[in-house]
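Worksheet: the structure to be examined is printed underneath.
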Amino acid sequence: MCEMLVAGEVGQLDAWAQRAALPPWRQAAALQVPALAEASSVAKPSFRSTSGDSSRMGSEQVGGSTPSRCAVLASEEPRGLNRERLMAARSELQGVKDLNRSQRCAVEEALGRRCTIIQGPPGTGKTHVSVKILQNWVEKLGMSPVLATSESNVAVDNIALGLSRLGIKVVRVGRPDKVREQMEALMLDTLVSRQNVAENLQLQEDLPATACGDADRLDFSSKKRQLREDFERRSKILREMQVICATTSAAGGAVLSSFNFQGILVDEVAQATEISTVVPIQ
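First residue of the sequence shown? That's 1 in the working numbering, and the numbers climb one at a time after it.
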């Protein structure tokens, strides 16, 4: 994974990162395209691996050595990428006022790479960048649904609130007692409860009076039906959303297992364990 660092850099690099040696493919990119290296905080790899001969191209362009699988992955474009949409999105990013230069470069790289790692010290706006990446994925590239996740409930909440303010259709999956009060309107449980209330009111109007002897039997069957309908209702609400927000552990739940996410963003990934990050991307 260290050879993938860093596809995007937000703010000034940490001291340890400044002292660290660049991976071979980034050294080659900086040497071969010095103007590009000076103009952008993101050094482009000097090879692409979208064709079957990616290893050969890498060997020819990076000092004769074959690039690792991590380096190849870092340079790949997403499958099914619409080039026209990508170019339009990148062009529009140049006029965005609420992103500084390094943030804009990080968002731009995340749009055109299969895998992007963004690094930046605290307070440089990485969560803001995450929100902008998700916004561009769904609005500019037409990716839906996408998953926003983190090991921290606070990080997931911040992303969900940021997306909600931008008008993105977003839902927060998780236990209500683990999130802040202002998140209640975005919680999946809240949306399901609202539908339950509306449907129960309609059901009470439609059902005829029931004999006392049948009450227990109907109660059992209704609970069984309610569990099934509750799962289906949750799945329906999730399918209507552009972005689903959940912690890395919650992302492995049954209700999300059937979703084929078009993109996955892991916030504060440096604070997560490798095992926890595998859960949402499996």
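Note that the Cβ used here is the ideal one computed from N, Cα and C, for glycine as well.
Inset, instruction - Starting from ARG85, follow the alpha helix (DSSP H) in both directions and report where the run begins and ends. - result: Unbroken alpha helix (DSSP H) run through ARG85: 83-93.
Inset, instruction - For VAL146, write down the residues that DSSP places opposite it in a beta bridge. - result: VAL243 and GLY263
Legend entry - Burial state of SER102 (16 or more Cβ within 10 Å): Classification of SER102: buried, given that the 10 Å Cβ count is 16 or more.
Inset, instruction - Enumerate in chain order the residues of its own chain whose CB-to-CB distance from VAL279 is below 6 angstroms, with the five nearest sequence positions on each side excluded. - result: THR248, ALA251 and GLY252
Legend entry - Identity of the residue in LEU163, MET143 and VAL154 nearest VAL179 by Cα: Answer by Cα proximity: VAL154.
Legend entry - Beta-carbon gap between LEU93 and VAL243 smaller than 8 angstroms: no
Legend entry - DSSP beta-bridge partners of VAL170: VAL243
Legend entry - Local conformation of GLN296 per DSSP, three classes: In the structure as shown, the chain begins at 1 and stops at 282. Residue 296 is therefore absent and cannot be evaluated.
Inset, instruction - Give the range of the alpha helix (DSSP H) segment to which LYS132 is assigned. - result: 126-139 is the span of the alpha helix (DSSP H), which, as asked, contains LYS132.
Inset, instruction - With DSSP collapsed to three states, give me the class of ILE281. - result: helix
Inset, instruction - For ALA89, count neighbouring Cβ atoms within 10 angstroms of its own Cβ and tell me buried if that reaches 16, exposed if not. - result: buried
Inset, instruction - Using beta-carbon positions only, say whether LEU141 and ARG85 come within less than 8 angstroms of one another. - result: yes
Inset, instruction - State the Cα-Cα distance for the pair THR277 and VAL96, rounded to the nearest angstrom. - result: 31 angstroms
Legend entry - Local conformation of ILE118 per DSSP, three classes: For ILE118, the secondary structure class from DSSP, reduced to helix, strand or coil, is strand.
Inset, instruction - Look at the Cβ atom of LEU73, then the Cβ atom of ARG114, and state whether they are nearer than 8 angstroms. - result: yes
Legend entry - the stretch 257-269 touching the stretch 119-139, judged by at least three CB pairs closer than 8 angstroms: Below 8 angstroms, enough C-beta pairs join the stretch 257-269 and the stretch 119-139 to call them touching: three or more.
Inset, instruction - Answer yes or no: do LYS132 and MET241 have a C-beta to C-beta separation smaller than 8 angstroms? - result: no
Legend entry - Residue burial classification, THR149 (beta-carbon count within 10 angstroms, cutoff 16): buried
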